[in-house]
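Structure record follows, encoded as structure tokens.
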Amino acid sequence: MTITLREITEDNHESVLAVEITRDQERFVTTVRDSLAEAAAHPEGNPWFRAVYADEHPVGFVMLSWDVEPRPPEVNGPWFLWKLLIDHRHQRSGYGREVVRQVVELVRAHGGTEVLTSHVPGEGGPAGFYARLGFVPRGDLDPDGEVILRLPLDG
Ligand SMILES: CC(C)(COP(=O)(O)OP(=O)(O)OC[C@H]1O[C@@H](n2cnc3c(N)ncnc32)[C@H](O)[C@@H]1OP(=O)(O)O)[C@@H](O)C(=O)NCCC(=O)NCCS
Numbered sequence: 009m010t011i012t013l014r015e016i017t018e019d020n021h022e023s024v025l026a027v028e029i030t031r032d033q034e035r036f037v038t039t040v041r042d043s044l045a046e047a048a049a050h051p052e053g054n055p056w057f058r059a060v061y062a063d064e065h066p067v068g069f070v071m072l073s074w075d076v077e078p079r080p081p082e083v084n085g086p087w088f089l090w091k092l093l094i095d096h097r098h099q100r101s102g103y104g105r106e107v108v109r110q111v112v113e114l115v116r117a118h119g120g121t122e123v124l125t126s127h128v129p130g131e132g133g134p135a136g137f138y139a140r141l142g143f144v145p146r147g148d149l150d151p152d153g154e155v156i157l158r159l160p161l162d163g
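In my numbering, the protein residues as written are 9 to 163.
This is the structure we're talking about:
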């Protein structure tokens, strides 16, 4: 299975919108549709997003603040993993890890030295996933009470 990050176009828009998380997981991340609306509403966050494909099948969505000037507490950056979701039928298959690996490569190629993200704390949330990938708490919360994490890109 090859994981690729692809632009969302008129041709694949509907199939990317069909990527689903469970109702319970909507506590932790917005749907693809709502994430795209959030991107449109927040140009100051410099949103960059891609569909995640496993071979020729859309299985997820990823969105970053791309090399944005940090204006805390509202805008974190320069490289902020804003959304990451893998369809519930394809979770725990290593796709999330591979997406983060590819994002890290892109960020590193553009001179970034750390990737930030944040998550809503709680049972069933992504804290364990981010910890497995090496993200560590930065020690602060965003204005919504989300825990801010950082992944240092050493070496
Ligand atoms: C969180 C999410 C992106 C993880 O993607 P995934 O493809 O299921 O994760 P992977 O299969 O790549 O898992 C990588 C590692 O993290 C672990 N892991 C995955 N989800 C985990 C979780 N919720 N809690 C603890 N560990 C988790 C896996 O067991 C694996 O561990 P390993 O190194 O021992 O093999 C996905 O479950 C998802 O979309 N969840 C709903 C939306 C969400 O919460 N997104 C994050 C918003 S900030």
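From the three backbone atoms N, C-alpha and C, an ideal C-beta is built for every residue, glycine too.
This one's a predicted model, so the numbers in the text were calculated from it and none came from an experiment.
Looking at the secondary structure, which residues open and close the beta strand (DSSP E) in which residue i lies?
{"i": "Arg-146", "result": "144-149"}
{"i": "Leu-13", "result": "11-14"}
Nearest to residue i by CA position, among the options, is which residue?
{"i": "Glu-34", "options": "Gly-142, Gly-133 and Val-111", "result": "Gly-133"}
{"i": "Leu-161", "options": "Arg-31, Val-123 and Asp-148", "result": "Val-123"}
{"i": "Val-128", "options": "His-21, Pro-78 and Thr-38", "result": "Thr-38"}
{"i": "Asp-23", "options": "Ile-29, Ile-156 and Val-67", "result": "Position check: residue 23 holds Ser in this sequence, whereas Asp was assumed. The residue with the shortest Cα to Cα distance from Ser-23 is Val-67."}
{"i": "Pro-55", "options": "Trp-87, Val-107 and Val-27", "result": "Trp-87"}
{"i": "Gly-182", "options": "Phe-57, Arg-105 and Leu-149", "result": "Residue coverage of the chain in this structure runs from 9 to 163, which leaves residue 182 outside it and unanswerable."}
{"i": "Glu-131", "options": "Phe-36, Glu-18 and Asn-20", "result": "Phe-36"}
Check the DSSP bridge columns for residue i and list the partner residues they point to.
{"i": "Arg-31", "result": "Arg-31 pairs with nothing; no bridge assigned."}
{"i": "Gly-68", "result": "Val-60 and Ile-94"}
{"i": "Pro-160", "result": "Glu-122"}
{"i": "Pro-55", "result": "Ser-73"}
{"i": "Leu-89", "result": "Leu-72 and Thr-125"}
Going by the C-beta, is residue i closer than 7 Å to any heavy atom of ligand 1?
{"i": "Leu-149", "result": "no"}
{"i": "Ser-73", "result": "no"}
{"i": "Gln-110", "result": "no"}
{"i": "Thr-125", "result": "yes"}
{"i": "Arg-31", "result": "no"}
{"i": "Arg-105", "result": "yes"}
{"i": "Ser-101", "result": "yes"}
{"i": "Gly-142", "result": "no"}
Taking the C-alpha atoms as reference points, what is the distance between residue i and residue j?
{"i": "Pro-31", "j": "Gly-120", "result": "The residue asked about is misnamed: residue 31 is Arg in this sequence, not Pro. Roughly 34 Å between the two C-alpha positions."}
{"i": "His-50", "j": "Asp-42", "result": "12 Å"}
{"i": "Leu-8", "j": "Arg-109", "result": "In the structure displayed, the chain extends from 9 to 163; residue 8 sits before or after that span and is not available."}
{"i": "Arg-158", "j": "Glu-64", "result": "31 Å"}
{"i": "Ala-59", "j": "Ala-48", "result": "16 Å"}
{"i": "Asp-95", "j": "His-118", "result": "28 Å"}
{"i": "Trp-74", "j": "Leu-25", "result": "22 Å"}
{"i": "Tyr-138", "j": "Gly-85", "result": "17 Å"}
{"i": "Glu-46", "j": "Arg-100", "result": "26 Å"}
What residue range does the alpha helix (DSSP H) around residue i cover?
{"i": "Val-108", "result": "103-117"}
{"i": "Arg-41", "result": "40-49"}
{"i": "Val-24", "result": "21-25"}
{"i": "Phe-36", "result": "Segment: none, Phe-36 is in no alpha helix (DSSP H) and carries neither H nor E."}
{"i": "Arg-140", "result": "135-140"}
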